[in-house]
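Asks: First, the structure itself, so that you have it in front of you.
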Amino acid sequence: MNDMTPSGSLPTTILALSLLTIGCDDTSGTSATGLRAVVEDSVGITIVENARPAADSRLPWELGAQPSLSIGSVDSGGADELYRVSDATRLGDGRIVIANSGSTELRVFNADGSHERTWGSRGEGPGEFSRDGPATVAPWPGDSIAASDAVRRPRLSIFDTNGNHGRDVALNATPGRILDFLPDGRIVLQGTLVFNRMAVFETRDLVRLESEWSVLDVDGTLYTSLGRLPTGEAYFSELLGGDMPHPFERSTAGTVWGNLVAVGISDSYEIKAFTADGSLVRIVRRDWDPRTPTQAEYDERAPWGVPPVDAFPAFDEILADRTGYLWVSEYRISGDEATVWTVFDPEGRVQGLVETPEGLDVFEIGADYVLGLAKDELGVEYVQLWSLSRGEG
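So for the sequence shown, this note's numbering puts the first residue at 114; every next one is plus one.
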């Protein structure tokens, strides 16, 4: 049982939002797809209010009918037999680096899908990974690649593009999950979960879980805190005899958006963008119609009974592509459907909806591709590259 943790509060910049009076310098415009956005400036914070795209509308951006590359196999015994893939990234020369945590390795594949080489291995030494690593992999300033180890052993291993290990960076702040890297190499971190199991047991009601979000400097030391933010919702199940996540839990998602950190709490459709020092500079909102779960939906997802919630989450994931557009996925009750994303331009104005294939867990979106993980009916993992055509409306 975890000890009680001291209560925390969000930074002043976040708490002050409820006190803001939207004021001066109103501007408005309509996107190329006919969607209207209103941009306002209030005490130095840009606020973008967006209309909701029609549910049956789509941007003229299309993924290919089939993946242009699929890396994975069944019982090949080779490097393309993947297990517990946690992340992947595409390099400028077309190679794909896969964080295969099942073998504690980075596996590098050429643009044609052939295996080039493997970086790292299991161990405690420089450039090696612990049992649950590597967890993330992404470009690092200076044509390098950074891979993070598991949450319990927070550090980065930096490699050059040939796989030569350069150095390790110990993350000396709170342990947690690396979300992304800023262009200057600073690290966006979601800290480990903070919640009081005794409170869940005693209240028999929903308890909001939290984690500390922060920006670390390039040497792994704390640069700034973004505050303690909601991470999920739990309740005590009499039937199952323990704390359980709520099937429709609201949480916080975040990503690096250009040189900003974009963070959204899914209680409402609002994304806040901060500079690396924690200053709030932009708020992006989109119209949203909250919907309360039906009894049939509760029965399907949690037949043992759960505390009711007022509404489903407003959204699910937040990603930024390599051209500066922000992608926010619609919340899905079931995973057996395609994912629909609302796309915003680099200033936060809504552009429209884009659909990605059913079952594709998106890792990265480039100018002309989407990279993600898919599984077949047997659970075999495939890292797939899909072409992305950004047609003009």
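The C-beta atom is built at its ideal place from N, Cα and C for all residues, glycine as well.
Taking only three categories from DSSP, how would you classify ALA347?
Replies: Residue state, collapsed to three classes: strand.
Asks: In terms of alpha-carbon separation, which member of GLY279, ASN277, LEU269 lies closest to PRO288?
Replies: Out of GLY279, ASN277, LEU269, LEU269 has the C-alpha closest to the C-alpha of PRO288.
Asks: May I ask which residues mark the beginning and end of the beta strand (DSSP E) holding ALA451?
Replies: No beta strand (DSSP E) holds ALA451; DSSP gives it neither H nor E.
Asks: List in chain order: all unbroken beta strand (DSSP E) runs of 3+ residues lying wholly within the segment 231-268.
Replies: List check, beta strand (DSSP E) in window: 249-253, 257-261.
Asks: Does TYR196 come out as helix, strand or coil in the three-state DSSP assignment?
Replies: Here TYR196 sits in coil by DSSP.
Asks: State the Cα-Cα distance for the pair GLU490 and ALA201, rounded to the nearest angstrom.
Replies: The alpha-carbon atoms of GLU490 and ALA201 are separated by roughly 22 Å.
Asks: For SER500, collect the residues of the same chain with a Cβ closer than 7 Å to its Cβ; drop the 5 residues on either side in sequence, then sort them by chain order.
Replies: Within the same chain, SER500 has close Cβ partners LEU176, GLY177, SER181, ASP481, TYR482.
Asks: Roughly how many angstroms lie between the CA atoms of VAL156 and VAL394, to the nearest whole one?
Replies: For VAL156 and VAL394, the distance between alpha carbons rounds to 10 Å.
Asks: Would you mind giving the Cβ-Cβ distance between GLY377 and ILE431, rounded to the nearest angstrom? I have them listed as a contact below 8 Å.
Replies: The pair is a contact, with the Cβ atoms about 6 Å apart (cut-off 8 Å).
Asks: Please tell me whether ARG363 and PRO426 are closer than 8 Å, where the distance is taken between their beta carbons.
Replies: Closer than 8 Å, so yes.
Asks: Return the residue from the list ILE478, VAL463, GLU477, VAL161 that minimises the CA-CA distance to SER170.
Replies: Here the closest residue by C-alpha is VAL463.
Asks: Count the other C-beta atoms from every protein chain shown that fall within 10 angstroms of the C-beta of ASP434, then say buried if there are 16 or more, exposed otherwise.
Replies: With 16 or more Cβ atoms within 10 Å of its Cβ, ASP434 is classed as buried.
Asks: Relative to the C-alpha of TYR196, which residue among ARG203, GLY246, GLY238, LEU148 is closest?
Replies: Nearest of ARG203, GLY246, GLY238, LEU148 to TYR196, Cα basis: GLY246.
Asks: Tell me which same chain residues have a C-beta within less than 8 Å of the C-beta of PRO239, skipping the five on either side of it?
Replies: SER270, HIS278, ARG280, ASP281, listed in sequence order.
Asks: Check whether the Cβ atoms of VAL453 and VAL374 lie closer than 8 Å to each other.
Replies: No, they are not a contact pair.
Asks: Rounded to whole angstroms, what's the CA-CA distance from GLU450 to ASP458? Just pull it up for me.
Replies: So the two alpha carbons sit approximately 25 Å from each other.
Asks: For the beta strand (DSSP E) that ASP154 lies in, which residues bound it at each end?
Replies: Run containing ASP154: 149-155, per the beta strand (DSSP E) assignment.
Asks: Considering Cα atoms alone, identify which of VAL331, ARG321, ALA366, GLU325 is closest to TYR348.
Replies: Per the Cα distances, ARG321.
Asks: Quick check on DSSP: helix, strand or coil for GLN497?
Replies: Here GLN497 sits in strand by DSSP.
Asks: Which residues in the same chain as TRP401 place their Cβ atom closer than 6 Å to its Cβ, once the five residues preceding and following it in sequence are excluded?
Replies: Closer than 6 Å at Cβ, skipping near neighbours: TYR382, ALA427.
Asks: Among GLU443, PRO358, ASP332, PRO406, which residue has its Cα nearest to the Cα of SER379?
Replies: Answer by Cα proximity: GLU443.
Asks: What residues match up with GLN303 in a beta bridge as DSSP calls it?
Replies: Beta-bridge pairing links GLN303 to ARG290, TRP326.
Asks: Beta carbon of THR217, beta carbon of ARG235: below 8 Å?
Replies: For THR217 and ARG235, yes; Cβs fall inside 8 Å.
Asks: For the beta strand (DSSP E) holding ALA433, just list the boundary residues, first then last.
Replies: Its beta strand (DSSP E) spans residues 431-433.
Asks: Would you report the Cα separation of ARG164 and SER243, rounded to the nearest angstrom?
Replies: Sequence check: residue 164 is Ala here, not Arg. Looking at the two C-alpha atoms, the distance is approximately 46 Å.
Asks: Enumerate in chain order the residues of its own chain whose CB-to-CB distance from SER338 is below 6 Å, with the five nearest sequence positions on each side excluded.
Replies: These residues qualify, in order along the chain: SER327.
Asks: From ILE184 to SER214, what does the alpha carbon distance come to, in whole angstroms?
Replies: For ILE184 and SER214, the distance between alpha carbons rounds to 16 Å.
Asks: Report back the beta-carbon spacing between SER199 and THR249 to the nearest angstrom; my notes put them in contact at under 8 Å.
Replies: Indeed they touch by this definition, with Cβ atoms about 7 Å apart.
Asks: Between VAL331, THR455, VAL419, ASP429, which has its C-alpha nearest LEU148's C-alpha?
Replies: Residue THR455 is the option with its Cα nearest to LEU148.
Asks: How should TRP253 be labelled, buried or exposed, when 16 other C-beta atoms within 10 angstroms of its C-beta is the threshold for buried?
Replies: Buried: at least 16 other Cβ atoms inside 10 Å.
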